[in-house]
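Top to bottom, those sequences are chains A and G.
Each residue of the first sequence is one higher than the one before, counting from 506 in the working numbering.
Each residue of the second sequence is one higher than the one before, counting from 1004 in the working numbering.
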Amino acid sequence: MTSMTDGADEAVSRFNATRRAAERVRRRQTLLFGGLFALAFAASVHVGEVRPDRLVEGIGGLFNYIDRTLPKATGDGLIADAREWYWGLGRWLLMLFDTVVIAFLATTIGAAIGFALCFAASRNLVQSGLIVFTSRRLLEIARAVPELVYALIFVFAFGIGPLAGVLAIAIHTIGALGKLFSEVNENIDTKPIEGIRAVGGNWFQVVRYGVVPQVLPNFVSYSLLRFEINVRSAAIIGFVGAGGIGQELYLVIRQFIYADISALVILIVLTVSAIDLVCERLRHRLIGQESLR
Amino acid sequence: MSDATHAPSGQPIDPRTAYPQVFAVPPLQRLRNRGIIVAIAAALAFALWWTGFFDLERLVTGASKLGWLLQFMFPPAHNGWLGEFSLALAETLAMAFFGTLLAFVIAVPVGFLGAKNVIPNWLFHFSLRRTLDGIRGIDTLIWALIFVNVVGLGPFAGILAIAVADVGVLSKLFAEAIENVDRRQIEGVRATGAGRVQTMRFGILPQVLPVILSNTLYFFESNTRSATILGVVGAGGIGQQLSDRIRVNNWDEVMFIVLMILATVYVIDIISRNLRVRIIGRQDPRP
Chain A
506 MTSMTDGADE
516 AVSRFNATRR
526 AAERVRRRQT
536 LLFGGLFALA
546 FAASVHVGEV
556 RPDRLVEGIG
566 GLFNYIDRTL
576 PKATGDGLIA
586 DAREWYWGLG
596 RWLLMLFDTV
606 VIAFLATTIG
616 AAIGFALCFA
626 ASRNLVQSGL
636 IVFTSRRLLE
646 IARAVPELVY
656 ALIFVFAFGI
666 GPLAGVLAIA
676 IHTIGALGKL
686 FSEVNENIDT
696 KPIEGIRAVG
706 GNWFQVVRYG
716 VVPQVLPNFV
726 SYSLLRFEIN
736 VRSAAIIGFV
746 GAGGIGQELY
756 LVIRQFIYAD
766 ISALVILIVL
776 TVSAIDLVCE
786 RLRHRLIGQE
796 SLR
Chain G
1004 MSDATHAPSG
1014 QPIDPRTAYP
1024 QVFAVPPLQR
1034 LRNRGIIVAI
1044 AAALAFALWW
1054 TGFFDLERLV
1064 TGASKLGWLL
1074 QFMFPPAHNG
1084 WLGEFSLALA
1094 ETLAMAFFGT
1104 LLAFVIAVPV
1114 GFLGAKNVIP
1124 NWLFHFSLRR
1134 TLDGIRGIDT
1144 LIWALIFVNV
1154 VGLGPFAGIL
1164 AIAVADVGVL
1174 SKLFAEAIEN
1184 VDRRQIEGVR
1194 ATGAGRVQTM
1204 RFGILPQVLP
1214 VILSNTLYFF
1224 ESNTRSATIL
1234 GVVGAGGIGQ
1244 QLSDRIRVNN
1254 WDEVMFIVLM
1264 ILATVYVIDI
1274 ISRNLRVRII
1284 GRQDPRP
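Encoded structure:
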């Protein structure tokens, strides 16, 4: 009888010891991460010039600012007010068109070059580790530098205008899509590849008949997604003079032309959402067709 | 032996030559396919012309200028500005950190309010979601430009820009995560007699916390990238230094700053990925 309680006591004390050890580890980790977090918090408050009064001022100032950008009713009727608000509609629509053209061209160029590079960056298609490594690093460099930095440099080289914007967004797109494309390539079914190899196909034939038919719907879907992202980028790339509606937006915000700010921002948001909707439809149709096969 | 698939000799027939009408693309569809290709090619040609790609002279001068400044970029050098650059990078990180934190603090309650299963009023749900959509439609850089007007030049404008832009996205992600929670745990907590707040705390929060935290970390990563360019419009950080150096033609310093940015972003990615793995295990929240 006593031996049984001894065993139970031993088990209980062993459990307690394990539990205490686990709690100690946990407490130490909480303390460590909590300390690191507090340190980062204090540093960011100091370096970021954050003060509670400024926080209140900033949030209040934003609402004040938004209020000022909204058009005022003048009593001339709704249509006259709207016409007054959107006085530059024709010009702005042309700039929006510019923006969409920049995004379209940059996406197409980026997708085409990304397509050309992605097969060399896929580990299952290329034997040579050197080729895979080099093409991956190339894609990484293209993707890692922000579009706006490319745009600044290209505006310097090619002058102000949409040409610089197209090149900047295209380079970033090459990197982003090339990486996604190569990941799609690495997840394909290998049987068609082996089939083409077995009948004597060379590398290009393997890619053309074994890989491309499998990955094309995914590639198109990713490119459409990228087009949506690029429309947003094209709308702000004008801040540094690289074309599109951003140039006008930069001007009116900098010169405090309040009514124009809200008019332009609403136009941009509407365009971006409309393009998102259309692209989403197209993507769903593509993926839907794929799953029916 | 002769049927639909075999010749009298027993040889299999190539179905494509035997039944061409089955494999032919219907004329209407063929017309459509060709139409799509022609339309895309025409749009591409127009876009190239519209944006000035047919202006060969400009392309050539631009390319030669680009080659010229690439030469000046190497070797990258800081020319004694290393201290300033490091401080600007620290500012960038502070903007990303505090901006994400602020967005997180605001987005958690907003996400709860925006979830259909927490507040089942469609009008409230609809208007809150559309407001968030509107905020999301405006880019961080536009917010930065606006906040430079509101609070003045400096990193604080960048912090507010990141926070506001991210509230739109994070609230939506959080609300969706909350809408997708398992109902049984909520019912279990409710069955013990818990009130509304207690149900949220013990029924919903433990389920969504990993999703919320890992998404926030993901946004910290991406905000580190976007914070590097906010300085271009005067909202603090390394972008200010970068655009100044480009303006005055100091290309070796430009390259140095770009390399510094790349290294920082790389390190932040690694740290944040490790933290994410600790929080939610090995899977990534995004494809």
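We put the beta carbon where it would ideally sit given N, CA and C, even for glycine.
For the alpha helix (DSSP H) that residue i lies in, which residues bound it at each end?
{"i": "residue 696 (chain A)", "result": "696-703"}
{"i": "residue 1049 (chain G)", "result": "1030-1053"}
{"i": "residue 679 (chain A)", "result": "667-691"}
{"i": "residue 621 (chain A)", "result": "594-623"}
{"i": "residue 1231 (chain G)", "result": "1208-1233"}
{"i": "residue 1023 (chain G)", "result": "1023-1026"}
{"i": "residue 640 (chain A)", "result": "634-649"}
{"i": "residue 755 (chain A)", "result": "751-759"}
{"i": "residue 959 (chain G)", "result": "Residue 959 (chain G) cannot be examined here, being either before or after the span of chain G that is shown, 1004 to 1290."}
With DSSP collapsed to three states, give me the class of residue i.
{"i": "residue 722 (chain A)", "result": "helix"}
{"i": "residue 1015 (chain G)", "result": "strand"}
{"i": "residue 1068 (chain G)", "result": "helix"}
{"i": "residue 1087 (chain G)", "result": "helix"}
{"i": "residue 1283 (chain G)", "result": "helix"}
{"i": "residue 743 (chain A)", "result": "helix"}
{"i": "residue 785 (chain A)", "result": "helix"}
{"i": "residue 1081 (chain G)", "result": "coil"}
{"i": "residue 627 (chain A)", "result": "coil"}
{"i": "residue 1100 (chain G)", "result": "helix"}
{"i": "residue 1095 (chain G)", "result": "helix"}
{"i": "residue 544 (chain A)", "result": "helix"}
{"i": "residue 1267 (chain G)", "result": "helix"}
{"i": "residue 762 (chain A)", "result": "coil"}
Between residue i and chain A, is the shortest Cβ-Cβ distance under 7 Å, so that the two count as touching?
{"i": "residue 1235 (chain G)", "result": "yes"}
{"i": "residue 1275 (chain G)", "result": "no"}
{"i": "residue 1290 (chain G)", "result": "Note that residue 1290 (chain G) has pLDDT 38, beneath the 50 cutoff, so the model's placement of it is unreliable and the number below is only indicative. Closer than 7 Å: no."}
{"i": "residue 1146 (chain G)", "result": "no"}
{"i": "residue 1270 (chain G)", "result": "no"}
{"i": "residue 1130 (chain G)", "result": "no"}
{"i": "residue 1158 (chain G)", "result": "yes"}
{"i": "residue 1258 (chain G)", "result": "no"}
{"i": "residue 1287 (chain G)", "result": "Confidence at residue 1287 (chain G) is low in this model, with a pLDDT of 49, below 50, so its placement is unreliable and the value that follows should be read with caution. By this cut-off, residue 1287 (chain G) is not an interface position."}
{"i": "residue 1103 (chain G)", "result": "no"}
Out of curiosity, what's the CA-to-CA distance linking residue i and residue j?
{"i": "residue 770 (chain A)", "j": "residue 590 (chain A)", "result": "12 Å"}
{"i": "residue 759 (chain A)", "j": "residue 566 (chain A)", "result": "16 Å"}
{"i": "residue 706 (chain A)", "j": "residue 1020 (chain G)", "result": "24 Å"}
{"i": "residue 548 (chain A)", "j": "residue 688 (chain A)", "result": "38 Å"}
{"i": "residue 732 (chain A)", "j": "residue 553 (chain A)", "result": "34 Å"}
{"i": "residue 1026 (chain G)", "j": "residue 1018 (chain G)", "result": "9 Å"}
{"i": "residue 765 (chain A)", "j": "residue 747 (chain A)", "result": "21 Å"}
{"i": "residue 691 (chain A)", "j": "residue 578 (chain A)", "result": "59 Å"}
{"i": "residue 1248 (chain G)", "j": "residue 696 (chain A)", "result": "53 Å"}
{"i": "residue 1096 (chain G)", "j": "residue 1205 (chain G)", "result": "34 Å"}
{"i": "residue 1119 (chain G)", "j": "residue 1112 (chain G)", "result": "13 Å"}
{"i": "residue 649 (chain A)", "j": "residue 1242 (chain G)", "result": "15 Å"}
{"i": "residue 1225 (chain G)", "j": "residue 613 (chain A)", "result": "25 Å"}
{"i": "residue 1237 (chain G)", "j": "residue 562 (chain A)", "result": "19 Å"}
{"i": "residue 1072 (chain G)", "j": "residue 1142 (chain G)", "result": "30 Å"}
{"i": "residue 720 (chain A)", "j": "residue 693 (chain A)", "result": "8 Å"}
{"i": "residue 1258 (chain G)", "j": "residue 1043 (chain G)", "result": "38 Å"}
{"i": "residue 1273 (chain G)", "j": "residue 1114 (chain G)", "result": "28 Å"}
{"i": "residue 1028 (chain G)", "j": "residue 1038 (chain G)", "result": "14 Å"}
{"i": "residue 1055 (chain G)", "j": "residue 738 (chain A)", "result": "19 Å"}
Using 7 Å as the limit for Cβ to Cβ distance, is residue i near chain G?
{"i": "residue 762 (chain A)", "result": "no"}
{"i": "residue 797 (chain A)", "result": "Caution applies to residue 797 (chain A), whose pLDDT of 45 falls short of 50 and renders its modelled position unreliable; the value that the coordinates give is listed next. By this cut-off, residue 797 (chain A) is not an interface position."}
{"i": "residue 737 (chain A)", "result": "yes"}
{"i": "residue 549 (chain A)", "result": "yes"}
{"i": "residue 746 (chain A)", "result": "no"}
{"i": "residue 525 (chain A)", "result": "no"}
{"i": "residue 591 (chain A)", "result": "no"}
> How do the segment 644-660 of chain A and the segment 588-607 of chain A stand: do at least 3 beta-carbon pairs fall below 8 Å, yes or no?
Replying inline: Cβ pair count under 8 Å is below three, so no.
>> I want to know whether the segment 1144-1152 of chain G touches the segment 1080-1093 of chain G - three or more CB-CB distances under 8 Å.
In response: By the C-beta criterion, the segment 1144-1152 of chain G is judged not to be in contact with the segment 1080-1093 of chain G, since fewer than 3 inter-stretch pairs fall below 8 Å.
>> Contact between the segment 1163-1183 of chain G and the segment 1203-1216 of chain G is defined here as three or more beta-carbon pairs at a separation below 8 Å; is this criterion met?
In response: At 8 Å Cβ cutoff, the stretches touch.
> Any contact of the segment 562-582 of chain A with the segment 629-643 of chain A, i.e. 3+ C-beta pairs under 8 Å?
Replying inline: The segment 562-582 of chain A vs the segment 629-643 of chain A: no contact.
> Do three or more CB pairs link the segment 615-625 of chain A to the segment 760-767 of chain A at distances below 8 Å?
Replying inline: The segment 615-625 of chain A vs the segment 760-767 of chain A: no contact.
> Would the segment 1053-1071 of chain G and the segment 1229-1244 of chain G be scored as touching if the rule is three or more Cβ pairs under 8 Å?
Replying inline: In this structure the segment 1053-1071 of chain G does not lie against the segment 1229-1244 of chain G, because fewer than three pairs of beta carbons, one per stretch, are closer than 8 Å.
>> Below 8 Å, how does it come out for the segment 1167-1176 of chain G and the segment 1254-1271 of chain G: are there three or more Cβ pairs, yes or no?
In response: No, the segment 1167-1176 of chain G is not in contact with the segment 1254-1271 of chain G.
> Counting pairs of Cβ atoms below 8 Å between the segment 640-648 of chain A and the segment 706-726 of chain A, do you hit three or more?
Replying inline: No, the segment 640-648 of chain A is not in contact with the segment 706-726 of chain A.
>> Does the contact criterion of 3 or more C-beta pairs under 8 Å hold for the segment 661-668 of chain A versus the segment 1065-1080 of chain G?
In response: Yes, the segment 661-668 of chain A is in contact with the segment 1065-1080 of chain G.
>> Would you call the segment 781-790 of chain A in contact with the segment 721-730 of chain A, where contact means no fewer than 3 C-beta pairs closer than 8 Å?
In response: Proximity of the segment 781-790 of chain A to the segment 721-730 of chain A meets the contact definition, three or more beta-carbon pairs being nearer than 8 Å.
>> Does the contact criterion of 3 or more C-beta pairs under 8 Å hold for the segment 771-778 of chain A versus the segment 673-688 of chain A?
In response: In this structure the segment 771-778 of chain A does not touch the segment 673-688 of chain A; the number of beta carbon pairs closer than 8 Å is below three.
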